[in-house]
Amino acid sequence: MPTVISNGYSLKLVVCNHPLSLTVGNLIVTKPMNVNRMANRSFIDTNILVYAEASDIPVKQKTALSLLKQLYEDASGVLSTQILQEYCNVALKKLKLSPQYIRAQLDLYEQFEVIQVTPAIIRAGIDLNQTRSIAFYDAIVLASAKASGCRVLFSEDMNTGETVDSIQICNPFVNNVPKK
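To get the working numbering, take the position in the sequence shown, counting from 1, and add 153.
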């Protein structure tokens, strides 16, 4: 049972005769067993995972952790292999997190649905890149969200409120950023 200490938060997966439970701080969240996962599926962009580590930006960290907790609890969060690869790259290079810590976080994120980026998704991403002038890797994220049946993409990197190819983009940090 991996236990991870993250910037003052304890993240722990607990397997107790199923359902899976997630501990975030003092909160224990139980993942329901028979949830209709197609109903309100939401795709999680890399920056949400990165801000969950951002103790230097506590408002964004709290928002990211709260969102991840909710998506886990609802069994509605979806990640892709691309998102996990990007997270690992940022965690190793920019955040300087230990490989052991990153492996434990992967164990945690593996509890979400994780889809494989396929050649069909890449082709759809190329189409979005060409027709909508969306950056290539962002287009792959959108194509992955669509392929996995998500209606919402949580991301800070794209235009919040915009709908692209039936995917609503939502920046969860938009109301949590202090006004300058």
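Ideal placement from N, C-alpha and C gives every residue a C-beta, glycine not left out.
Buried/exposed call for residue i, threshold 16 Cβ in 10 Å
i           : result
residue 202 : buried
residue 222 : buried
residue 216 : buried
residue 278 : buried
residue 299 : buried
residue 206 : buried
residue 212 : exposed
residue 327 : exposed
residue 288 : exposed
residue 258 : buried
residue 214 : buried
residue 245 : exposed
residue 286 : exposed
residue 220 : buried
Sheet register partners of residue i (DSSP bridge)
i           : result
residue 201 : Answer by DSSP bridge pairing: none, since residue 201 is not bridged.
residue 195 : 230 and 305
As assigned by DSSP and simplified to three states, the class of residue i
i           : result
residue 232 : strand
residue 220 : helix
residue 209 : coil
residue 246 : helix
Contact set for residue i: own chain, Cβ-Cβ below 8 Å, skip 5 residues either direction
i           : result
residue 265 : 197, 224, 225, 230, 231 and 232
residue 210 : 204
residue 340 : Residue 340 cannot be examined here, being either before or after the span of the chain that is shown, 154 to 333.
Residues near residue i in its chain [Cβ-Cβ closer than 6 Å; skip 5 each side]
i           : result
residue 240 : 199 and 202
residue 263 : none
residue 243 : 203
residue 301 : 231 and 268
Close-in-space but distant-in-sequence residues of the same chain around residue i (CB under 7 Å, 5 per side omitted)
i           : result
residue 293 : 235, 270, 274, 275 and 278
residue 291 : 310 and 311
residue 284 : none
> Could you give the uninterrupted runs of the alpha helix (DSSP H) lying entirely in the stretch 263-328, keeping only those of 4 residues or more?
Replying inline: You should have 272-285 and 289-300.
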